[in-house]
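Down below is the structure, laid out as structure tokens.
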Amino acid sequence: MLFRDITPEMNNNIFLMDTSCNPFPNERVWCSVESWARQNPDRQVWFLLTSGQLEGGHALTSLLLQQYTNIHLVTADVMDLFKDTPLLSLLNSRRWTEVNTWPIELMSDMLRVLVLWWWGGVYSDTDVISLRALTLPPNSLGFEDPYLIGSAFYSFRARHPTLLKLMEDMQLHFEPWSWGSIGPAAISRVIISECGKTLPELIQESPVTCPGNITLHPTSTFFPVPFNEFEKYFSPGGGKDFDEEQDEDDTEDEDEDDMELESGADFREIKARVPSLRMDAILKSGLNMSRNKVESAFYASKIRINGKKLLKKSNQCREGDEIDVFKTVSKQNPKYLYVSRVVVVTVGTMGEDDDKVTVKLRRYPNLLVECYQDFKAPEQDE
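Residue numbering for the sequence shown follows UniProt numbering, beginning at 1 and increasing consecutively.
Here it is as structure tokens:
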């Protein structure tokens, strides 16, 4: 048990965890654990289980422990990890266990920060595969998209001041109904404050080092596959154009005319100058979607305006319109969906010199909404 029976050495650790109290982690989880141990034999790989034990005499587990002496399966006394930290009050409040929150994910959000606070090193989600040895500088983070720092991979030295600020932010800004309020949204808020720039500005400079010696890496470093597109890579021929797709995404820069105005726990407001009020132009500025991706989403019936199916790609948007791009059905409640949403807040006048229209857009990258009345889940891309 961490703290009580065993103490990791400082800053030479890779932490993974299962906070679902599941004593039977699946093969995908063990694949992630093995990849980190295999690629980083000089680092200690800690797999933390909240179930307290493994059951069933898992042969794969025994084989991995024999093969890799740097893999450690551990449990933890939660109160030991939370003591003397800003997250203790959030834990004791039990607000994170309210109905329709995500207690498994929220516990993981908190524990990943705590193990790095106490011992330092790297945290990785169990759906991340290490393809090569870690050679990145300490205190590294990655962009998930131009408006969000991802939380599937953290690298911090123990007691780094940014971790303390992150825990304080998590305690202060926890919102039970907002997915990721103490995950990606929290680390994004802290990084904006620490670096003194907006995320769209920082991603254009990435890899970039901010005060506190924090290095921000481009999306391709840690998040080359968007979480809602993973299934296409498991279909026949689905990954053959992977490299080309990444090159295309890396060249999709933000419009130089875009300017961030305001941000909240789950949204960003920007002022943009668009060539027209066509739906695809609004989505390009609002969600940074390429025209090819907008077209693919349209033909897959994934785009809605004000809750209604989009019938024409050339649809002209108006002030107050809400454009949703379907992402996935909620696993916790199939009556809810996750969408990316752009709200056209205001529409200005057309410029005299370049015929562009100034618009104010509000962007929700990952919004939980009730199913539409006529909703039928789109088929997955082949």
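Even glycine gets a Cβ: it sits at the ideal position worked out from N, Cα and C.
Self-check item: Residue closest to residue 160, alpha-carbon to alpha-carbon, out of 337, 68, 201, 190
Solution: Of 337, 68, 201, 190, the residue nearest in Cα terms is 190.
Quiz item: Skipping 5 residues on each side, what residues in its chain have a beta carbon closer than 8 Å to that of residue 11?
Solution: 119, 120, 121, 138, 157, 158
Self-check item: Cα-Cα separation between residue 362 and residue 200, rounded to whole angstroms
Solution: 15 Å
Exercise. Look up residue 46 in the DSSP assignment and give the residues it is bridged to.
Key: 15, 72
Exercise. Give every residue of the same chain whose Cβ lies closer than 7 Å to the Cβ of residue 169, excluding the five residues on either side of it in the sequence, and list them in chain order.
Key: 186, 189, 190
Quiz item: With distances taken from CA atoms, which of 196, 195, 359 is nearest residue 321?
Solution: Looking at the Cα atoms, 359 is the closest of the given residues.
Practice problem: Report the residue from 22, 16, 28 whose alpha carbon sits nearest the alpha carbon of residue 44. | Solution: 16
Quiz item: What three-state label does DSSP hand residue 272 in the structure shown?
Solution: DSSP places residue 272 in the strand class (E or B) of the three-state scheme.
Quiz prompt | Helix, strand or coil at residue 214 [DSSP, three-state] | solution = strand
Quiz item: When the Cα atoms are used, what is the spatial distance from residue 194 to residue 171?
Solution: 18 Å
Quiz item: In whole angstroms, what separates the C-alpha of residue 357 from that of residue 350?
Solution: 4 Å
Quiz prompt | Exposed unless 16 or more other CB atoms sit within 10 angstroms - verdict on residue 254 | solution = For residue 254, the predicted model reports a pLDDT of 44, less than 50, meaning its position is unreliable and no value from the coordinates is stated.
Self-check item: Cutoff 7 Å; reference residue 377; Cβ partners in own chain excluding five residues on either side
Solution: 329
Quiz item: Less than 7 Å separating the beta-carbons of residue 393 and residue 174?
Solution: As shown, the chain starts at 1 and ends at 382. That puts residue 393 outside it, with no answer to give.
Quiz item: Apart from the five residues on each side of it in sequence, which residues of its chain come closer than 7 Å, Cβ to Cβ, to residue 146?
Solution: 199, 200, 203, 254, 288
Quiz item: Where are the alpha helix (DSSP H) runs, 4 residues long or more, that stay fully inside the UniProt domain "Alpha 1,4-glycosyltransferase" (156-237), in chain order?
Solution: Listed in chain order, they are 161-173, 184-195, 199-205, 219-222.
Exercise. Enumerate in chain order the residues of its own chain whose CB-to-CB distance from residue 52 is below 7 Å, with the five nearest sequence positions on each side excluded.
Key: 75
Quiz item: Is residue 87 closer than 7 Å to residue 167 when the C-beta atoms are compared?
Solution: Going by C-beta atoms, residue 167 is nearer than 7 Å to residue 87.
Exercise. Output the distance between the C-alpha atoms of residue 111 and residue 81, rounded to the nearest integer angstrom.
Key: Taken atom to atom, the span from the alpha-carbon of residue 111 to that of residue 81 is near 8 Å.
Quiz item: residue 313 to residue 364, Cα distance in whole Å?
Solution: Residue 313 and residue 364 have their C-alpha atoms spaced approximately 21 Å apart.
Quiz prompt | 6 Å CB neighbourhood of residue 385 in its chain, flanking five on each side removed | solution = The structure shown has nothing for residue 385, since the chain only spans 1 to 382.
Exercise. Would you kindly report the start and end of the unbroken alpha helix (DSSP H) that includes residue 340?
Key: No alpha helix (DSSP H) holds residue 340; the beta strand (DSSP E) holding it covers 336-350.
Self-check item: Residues sharing a beta bridge with residue 123, DSSP
Solution: Its beta-bridge partners are 15, 154.
Quiz item: In chain order, what residues of the same chain have a beta carbon less than 6 Å from the beta carbon of residue 324, not counting five sequence neighbours either side?
Solution: Around residue 324: 304, 339, 341.
Self-check item: Extent of the continuous alpha helix (DSSP H) run through residue 366
Solution: First-last for residue 366: 357-370, but that is the beta strand (DSSP E), not the alpha helix (DSSP H).
Quiz item: Does DSSP put residue 39 in a helix, a strand or coil?
Solution: helix
Practice problem: Can you say whether residue 129 is buried or exposed, counting buried as having 16 or more other CB atoms within 10 angstroms of its CB? | Solution: exposed
Self-check item: Cut-off 8 Å between Cβ atoms - residues of its own chain near residue 61, not counting five sequence neighbours on either side
Solution: 30, 54, 73
Practice problem: Name the two residues that bound the continuous alpha helix (DSSP H) containing residue 286. | Solution: 279-287
Quiz item: Would you report the Cα separation of residue 184 and residue 59, rounded to the nearest angstrom?
Solution: One C-alpha to the other measures close to 35 Å.
Practice problem: Within 10 angstroms of the Cβ of residue 13, are there 16 or more other Cβ atoms? Answer buried if so, exposed if not. | Solution: Buried is the call here.
Quiz item: Going by DSSP, which residues form a beta bridge with residue 308?
Solution: For residue 308, the beta-bridge partners assigned by DSSP are 305.
Quiz prompt | Cα-Cα separation, residue 125 to residue 275 | solution = Going from the Cα of residue 125 to the Cα of residue 275 covers about 40 Å.
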